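Visitor:
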Amino acid sequence: MKINIIGGGPAGMYFAILMKKADPAHEITVYERNGPDDTFGWGVVFSGKTLRNLRAADEESHAEITRAFAAWDNVDVVHRREKISIHGNSFSGIARLQLLKILQRRCERLGFQLLFRTEVLDLDSLKANCDLLVAADGVNSTARKQYSRQFLPRMDVRPNRYIWYGTNRLFHGLTLTFRENETGVFAAHSYKFNQTTSTFIIECDQETWSRADFATMSDDETREYLEKVFAPDLDGQSLLSNNSKWINFLLVKNDNWFFENVAMIGDALHTAHFSIGSGTKLALEDAIALFDCFGGTASVSAALRDFEKTRKPVIEEYQAAAFESMRWFENARDYMHLSPIELAFAVMTRSGKVDYEDLQRRDPAFIALYEKQKTVGSRQ
Ligand SMILES: Cc1cc2nc3c(=O)[nH]c(=O)nc-3n(C[C@H](O)[C@H](O)[C@H](O)COP(=O)(O)OP(=O)(O)OC[C@H]3O[C@@H](n4cnc5c(N)ncnc54)[C@H](O)[C@@H]3O)c2cc1C
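Numbering (my numbering), first residue to last: 84 to 463.
#1: With 16 as the cutoff for other CB atoms within 10 Å, does Gln54 come out buried or exposed?
#2: With a threshold of 7 Å, establish whether the CB of Phe374 neighbours any heavy atom of ligand 1.
#3: DSSP state of Thr260, grouped into three classes?
#4: Do you know whose CA, among Arg394, Asp316, Gly249, Pro315, lies nearest Gly349's CA?
#5: For the beta strand (DSSP E) that Tyr274 lies in, which residues bound it at each end?
#6: Work out the CA separation of Ile450 and Asp441 for me, nearest whole Å.
#7: Below 7 Å, is the gap between the Cβ of Ile464 and the nearest heavy atom of ligand 1?
#8: Between which two residues does the alpha helix (DSSP H) containing Met300 stretch?
#9: Please list the terminal residues of the continuous alpha helix (DSSP H) segment that includes Val383.
#10: Throw me the rounded Cβ distance for the Arg116 and Glu202 pair, which I believe falls under 8 Å.
#11: Buried or exposed: where does Tyr97 fall if 16 or more other Cβ atoms within 10 Å of its Cβ makes it buried?
#12: Can you list, in chain order, the residues of its chain whose CB lies under 6 Å from that of Gly360, leaving out five sequence neighbours each side?
#13: Under 7 Å Cβ to Cβ from Ala448, same chain only, skipping five residues before and after it: list those, please.
#14: Going by the DSSP bridge assignment, what does Phe283 pair with across the sheet?
#15: Give a yes or no on whether the C-beta atoms belonging to Ser358 and Phe283 are separated by under 8 Å.
#16: Assuming the contact rule is C-beta atoms closer than 8 Å, Ser168 and Ala154 should be a hit. Round their C-beta distance to whole Å, please.
#17: Confirm, please, whether the CB-CB distance from Asp239 to Leu334 is below 8 Å.
#18: In this structure, how does DSSP classify Ser327 when only helix, strand and coil are distinguished?
#19: Could you check the C-alpha separation between Ser293 and Val345 for me, to the nearest Å?
#20: Between the C-alpha atoms of Lys455 and Ile330, what's the straight-line distance to the nearest angstrom?
#21: Taking contact to mean at least 3 C-beta pairs separated by less than 8 Å, is the region 175-186 in contact with the region 268-287?
#22: Determine the burial state of His353: buried for a count of at least 16 other Cβ atoms within 10 Å of its Cβ, exposed for fewer.
#23: What first and last residue would you give for the beta strand (DSSP E) that runs through Tyr114?
#24: Here's a check: name, in chain order, each residue in its chain whose Cβ is nearer than 7 Å to the Cβ of Ala370, leaving out the five neighbours to either side.
#25: Just to confirm my understanding: we take Ile398, look at its own chain, exclude 5 residues before and 5 after, and list those with CB closer than 6 Å. What are they?
#26: Say yes only if the C-beta of Arg116 is nearer than 7 Å to one or more non-hydrogen atoms of ligand 1, and no if none qualify.
#27: Within its chain, find whatever has a CB closer than 8 Å to the CB of Gln473; leave out the 5 residues flanking it on each side and keep chain order.
#28: Please classify Arg210: is it buried, with 16 or more other beta-carbons within 10 angstroms of its beta-carbon, or exposed?
#29: Quick one: does the C-beta of Lys364 sit closer than 7 Å to a heavy atom of ligand 1?
#30: Buried or exposed for Leu204, going by 16 or more other Cβ atoms inside 10 Å?
#31: Can you list, in chain order, the residues of its chain whose CB lies under 6 Å from that of Tyr114, leaving out five sequence neighbours each side?
#32: Near Ala151, which residues of its chain fall below 6 Å by C-beta distance, leaving aside the five closest residues on each side in sequence?
#33: Which residue comes first and which comes last in the alpha helix (DSSP H) that contains Glu202?
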């Protein structure tokens with residue numbers, strides 16, 4: 084089969100790897116507009132379950148990915164002067180660039196073409212010249228725009244602003260930090276992803292953003308302002324910019340996932356708010372799901388139909404949980420009156436995917452503390 088793939092991110096490369104591994108006769112070309120060392124952002128985080136899926140799909144890349152991991156089991160919620168740790172969770176972090184490098188090397192070993200610095204503009208001729216065209220071209224997908232009449236995308240620009248920094252302050256756990264100042268509430272999502280660096284994503288609502296007057300600040304002024312807001316948490320370390328800018332989260336859904344011989348996967352097809360840390364996981368698992376659909380048939384249209392039928396409900400469930408989590412952060416100011424332990428409980432249960440019983444199982448000491456302090460609170 085001749086397969087063209089637009090986008091050498093996690094989704095595009097992983098699908099190429101799985102298909103080539105299964106049948107070396109496939110002629111696969113991946114088109115990537117960036118160079119092999121360009122990337123945005125810092126680290127990404129995976130859950131334990133994702134890792135099991137990656138091991139089953141491709142042991143070789145799984146082994147390299149897990150060797151590069153920083154792993155932890157705690158979520159830390161920081162509010163006012165207190166840090167509450169909730170244990171029994173399973174997460175790992177890896178630098179996005181390192182993940183891409185591992186997948187690039189795997190592609191090279193399997194012997195197919197990754198065409199870097201090659202932007203696809205003419206989709207029609209690429210589509211005409213293959214059996215299968217996979218658009219894995221990310222959240223601002225050209226394919227989704229050019230074929231919008233076929234895919235019927237639904238886009239929702241969310242009100243909160245966020246900015247993705249790194250820092251050399253190491254956060255040993257998925258740390259959610261809330262800080263208030265005269266302009267409003269800021270939330271930071273941070274976690275270590277190698278021996279020296281943590282991801283540090285800051286978000287705030289539109290009102291806070293306008294009051295702080297970020298629109299008139301330079302990139303350096305923005306960074307300095309935010310370093311002051313999070314000074315108690317950064318331990319004197321600075322925030323590291325990677326051309327970091329404020330953005331609004333874009334929620335993407337598509338009514339149709341394929342037409343003729345074209346399918347989308349990953350962020351091009353759907354997004355899930357970063358507060359549930361699932362974007363890369365979903366991108367890689369889309370690649371696995373699409374690959375699996377080619378296991379039972381040689382027909383491209385049957386495989387694409389099967390992909391949409393089986394994968395869509397899974398994604399809808401994730402997006403529903405991610406939506407609740409995103410809404411929680413959009414309304415974070417409504418929770419700031421809670422005590423640290425109550426806020427930690429509210430954070431942990433925000434998406435509806437984790438409840439009291441789950442927390443009791445994962446970390447009985449946390450629930451015991453919650454019960455004790457909640458009771459104290461209600462007696463006062
Ligand atoms: C603030 C923030 C934090 C995040 N945190 C996490 C996290 O903790 N964990 C997690 O799992 N995910 C996280 N994500 C999400 C994650 O980055 C994405 O979900 C993931 O990268 C999606 O993979 P993808 O392969 O679909 O798309 P991408 O990684 O975006 O790859 C698409 C590729 O296509 C290329 N491309 C685009 N158009 C063209 C074209 N016309 N021609 C050629 N090439 C093209 C791009 O250069 C890019 O390399 C986060 C995202 C954000 C914004």
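The C-beta atom is built at its ideal place from N, Cα and C for all residues, glycine as well.
In this text, all values refer to a predicted model and were calculated from it rather than measured experimentally.
Guide: Considering the structure as presented:
#1: The structure shown does not extend to residue 54, since the chain is modelled only from 84 to 463, so the question has no answer here.
#2: False, no ligand heavy atom lies under 7 Å from that Cβ.
#3: strand
#4: Arg394
#5: 267-275
#6: 10 Å
#7: Given a span of 84 to 463 for the chain in the structure shown, any question on residue 464 remains unanswerable.
#8: Unbroken run through Met300: none, as it is neither H nor E.
#9: 383-413
#10: 4 Å
#11: Of the other Cβ atoms in all chains shown, 16 or more fall within 10 Å of the Cβ of Tyr97; this residue is therefore buried.
#12: Val128
#13: none
#14: Tyr248, Ser273
#15: no
#16: 16 Å between Cβ atoms; not a contact.
#17: yes
#18: coil
#19: 42 Å
#20: In this structure, the straight-line span from the alpha carbon of Lys455 to that of Ile330 is close to 40 Å.
#21: yes
#22: buried
#23: 110-114
#24: Ala94, Tyr97, Phe98, Leu101, Ile348
#25: His353
#26: yes
#27: The displayed coordinates of the chain run from 84 to 463. Any statement about residue 473 would go beyond what the structure contains.
#28: The residue asked about is misnamed: residue 210 is Lys in this sequence, not Arg. Counting Cβ neighbours within 10 Å, Lys210 comes out buried, since at least 16 surround it.
#29: yes
#30: exposed
#31: Ile89, Leu198, Thr201, Val203
#32: Close CB contacts of Ala151 within its chain, under the 6 Å cut and outside five residues either way in sequence, are with Ile177, Gln181 (chain order).
#33: First-last for Glu202: undefined, no H or E at that position.
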